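Q: Be aware that the sequence shown starts at 1, since it is given in the working numbering, and climbs by one per residue.
Quick one: structure below, then a few questions.
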Amino acid sequence: MNKLFLILLCVVKMSSVFAQPTDEQINKLKVIAQYQYQAPDSVLKLIDGFRESESFGDSISLVLYKYEGNVYWHLGQMQESVNRYKQAAEIANQLDLSILKGQAFADVGYVFADMGMYDSSVFYTDKALRISEQENNPQLKMRSLSFLGHAYQKMERADKAVTVFKTAVSFYAQDTNSRNYGVTANNLANAYKDLSSVSKSKAYNDTALFYFYKAERIFNELGDTNFIAGLNMNMAYAFRNIGELEKAKDYQQRGMSLFQHMGAEYNLKSAEVNYGHILYLMGEFEDSKKAYQRALEGGKEMNNFYLIHQAHEGLYLVYDTLGDYKNAIYHLKIHRLQADSLYQAESEAKIAQIEGQYGKEKNELEIKNLAQQNALKDFEIEKQRAENDKQALIARQEKTRNKYMIAALVLIALVALGLFYLFRSKRALNQQLELQKAELSDTLNEKEALLKEIHHRVKNNLQIVSSLLNLQGAYTQEKSADELLKMSQNRIHSMAIIHEKLYKSESLDAINFKDYLENLTTHLSDSFGLEQKQIKTKVVADDINVDIDQLVPCGLIINELITNSIKHAFGENNGGLIKLTCKRYENRCEVTVSDSGPGLPDDFELGSSNSLGLRLAKGLCKQLKSELLAVNEKGATFSFKFQLKAA
């Protein structure tokens, strides 16, 4: 039985004052803990039956939510996993169990990193780190820092991940046979493996294999099938790095077989990416393409940004090698759009801020351990060497690129001479060449038009951001800088969600309105901490696709109206409901934002309001050729209608 279950079991015995657990209930919890990864579907049924047939206290509910979160992550149902961990955190907060609340926040951050939502991942990992500091709990701190290292790896910052995981390994080094040591050794090996991929350093790869073998010994002794499967995947990647492809394929297939046996859908779909690349390097291109396609389908099913990103990159490589340039360009375009995502840039900045905040504590730990200090010095030397190798690699790549460019120019010149000769000697081929030239010109014009459209929309949205900030500057006299920044961030985020939906959509013209509204309300709920204020949001919307040019002003209007309700409709922790309704009437759309607050003042006049948010909403309504209306209907109700553009 793992340490986490023992901690949770103690909580159950100590906290359920009015409903002490029976021996049968405790035995069921032991079964859930033991088989959560080996038989996930059966465990979920067992938990449902547990809830329906028995009476128990809040602390047992906390344990059940925790393990449900584990199982849903294992099955690849990431949003369900996040929801269960959040419920566990809420119960821990009610029971005043800060450490367990911090663990739940760290789990939420870990899952968000797997989903590629780095902004949310850092937000919850930061919460867990703060709790570890307040409670002076080194175990929670190491767990949270390890999850921060996991986010670094997902963002392809292997150098920072190595630093974090080396700290964790040093912390657990007092017991090199423990499960915690095995987990952190595996994490550190993973980071060295990624560092080796970037720098092409065999030394880093050898270090990765050294720690992989340490972790493998521990998990074989513990009989932990889940981690043995993951280790096989990681070792496959490491052997792939040094060109031992047959050995890499063997480890990969063993790990995937274990994941398939356990029903670990997320891990299985993630493994398809590395499997596809191994097959690609072995020249088995068709099988490689199938593996990447399975990874892409899994990423879309699980709404996993990171997995989709990797699958598109792999498919680009395969199609490019096979000479299918149309499909290669398509996958490369989507891959680059994701790489330039606003969220990744914001998350890196926030993680850098957290790293600085907790740097002092890390240094104190290093000072206490002389061996660790020497190890970190060695790492700095290795890091500098890796940086030098990286710069040399970049220089070689630049030189190679120049050679290819010269060769391409020479080739173009030879082709031009050949075409000229053919033109004069074989006029019969002239028409066919002209036709091919026209087709190529049409393709280039089409891509140029697409790029111009993308640049035009980005330029328009940047102009909107500039105008919003200028307007906000005129209303700073009574508001704090934090409030102004939050309001500006929410407005910008309402547009950023559109671009996130845009890259996932098959069309560049329209976005599903209901899906967009649910994402917007979820962000505002997290931003203002509505769960703590007991304020709920509800979206009732028809299935409508809205043109991008209309969706930007519409999203900003709804952002202002919901923010207005949050600020003015409810008192401190009184609770309430904000309802967002969207109905379609033929070719028109009606949007209503209402709250359960006391309603608008009797002397309220929308036309004379000095609120920047309401004035901004009115102005944006005019842009939609609409009018903003305000009434009292069991609370304040704002509505507007606009004409939907033809598809």
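Each residue gets a CB set at the ideal place from its N, CA and C atoms; glycine is no exception.
Just so we're clear, the structure is a prediction, and the values are computed from it rather than from any experiment.
1) Using DSSP bridges, identify the partner residues of Leu577.
2) Can you have a look at Thr22 and say buried or exposed, based on whether 16 or more other CB atoms are within 10 angstroms of its CB?
3) Express the C-alpha separation of Leu616 and Thr637 in angstroms, rounding to a whole number.
4) Rounded to the nearest angstrom, what separates Ile367 and Gln134 at their Cα positions?
5) Which of the three DSSP states is assigned to Tyr585 in this structure?
6) Looking at the structure shown, is Gln174 part of a helix, part of a strand, or coil, going by DSSP?
7) Report buried or exposed for Arg51, applying the criterion of at least 16 other Cβ atoms within 10 angstroms of its Cβ.
8) Can you tell which of Lys166, Thr522, Lys66, Thr167 has its C-alpha closest to the C-alpha of Thr537?
9) Suppose contacts are defined by Cβ-Cβ distances below 9 angstroms. Is Leu614 in contact with Ile562 by that definition?
10) Give the secondary structure of Asp114 by DSSP, where H, G and I count as helix, E and B as strand, and everything else as coil.
11) Can you list, in chain order, the residues of its chain whose CB lies under 6 angstroms from that of Val43, leaving out five sequence neighbours each side?
12) Pull up the distance between the alpha-carbon of His309 and that of Ala328, whole angstroms please.
13) May I have the straight-line CA-CA distance separating Leu268 from Phe259, to the nearest angstrom?
14) Quick one, which of Leu322, Pro138, Gly69 has its alpha-carbon nearest Ile99's?
15) Leaving out the 5 sequence neighbours to the left and right, which residues in its chain are closer than 6 angstroms to Arg143 when beta-carbon positions are compared?
16) Can you tell me which of the three DSSP states Phe640 falls into?
17) Inspect the beta-carbon positions of Asn559 and Arg491 and report whether they are closer than 9 angstroms.
18) Who are Thr592's beta bridge partners in DSSP?
19) So if DSSP puts Leu629 in a beta bridge, which residue, or which two residues, is it bridged to?
20) Should Ala496 and Asn587 be called a contact, given that it needs their Cβ atoms to be closer than 9 angstroms?
21) Looking at the secondary structure, which residues open and close the beta strand (DSSP E) in which Ile32 lies?
22) Counting Cβ pairs, one atom from each stretch, are 3 or more of them under 8 angstroms apart for the stretch 116 to 124 and the stretch 91 to 98?
23) What residue does the beta strand (DSSP E) around Asn512 start on, and which one ends it?
24) Take the Cβ of Tyr358 as the centre, count every other Cβ of all protein chains shown within 10 Å, and call the residue buried at 16 or more, exposed below.
25) Starting from Asp547, follow the alpha helix (DSSP H) in both directions and report where the run begins and ends.
26) Would you call the stretch 617 to 624 and the stretch 569 to 589 in contact, with 3 or more CB pairs under 8 angstroms?
A: The answer reads as follows:
1) Lys536
2) So Thr22 ends up on the exposed side.
3) 17 angstroms
4) At Ile367 the pLDDT is 45, less than 50, meaning the model places this residue with poor confidence; the figure from the coordinates comes in the next sentence. Those two C-alpha atoms are separated by around 22 angstroms.
5) strand
6) coil
7) exposed
8) Thr522
9) The Cβ-Cβ distance between Leu614 and Ile562 does not fall below 9 angstroms.
10) The answer is helix: DSSP assigns Asp114 an H, G or I state.
11) Ile32, Tyr35, Gln36, Val71
12) 14 angstroms
13) 6 angstroms
14) Pro138
15) Non-local C-beta neighbours of Arg143 in its own chain, meaning closer than 6 angstroms and more than five positions away in sequence, comprise Ala106, ordered along the chain.
16) strand
17) yes
18) Thr581, Ser639
19) Per DSSP, the beta bridge partners of Leu629 are Ser639.
20) Against a cut-off of 9 angstroms, the Cβ pair of Asn587 and Ala496 comes out as no contact.
21) Not the beta strand (DSSP E): Ile32 falls in the alpha helix (DSSP H), residues 23 to 35.
22) no
23) 510 to 512
24) Annotation note: pLDDT 46 at Tyr358 (below 50); position unreliable, no value reported.
25) Premise fails: Asp547 lies in the beta strand (DSSP E), 545 to 547, not in any alpha helix (DSSP H).
26) Not touching, per the Cβ criterion.
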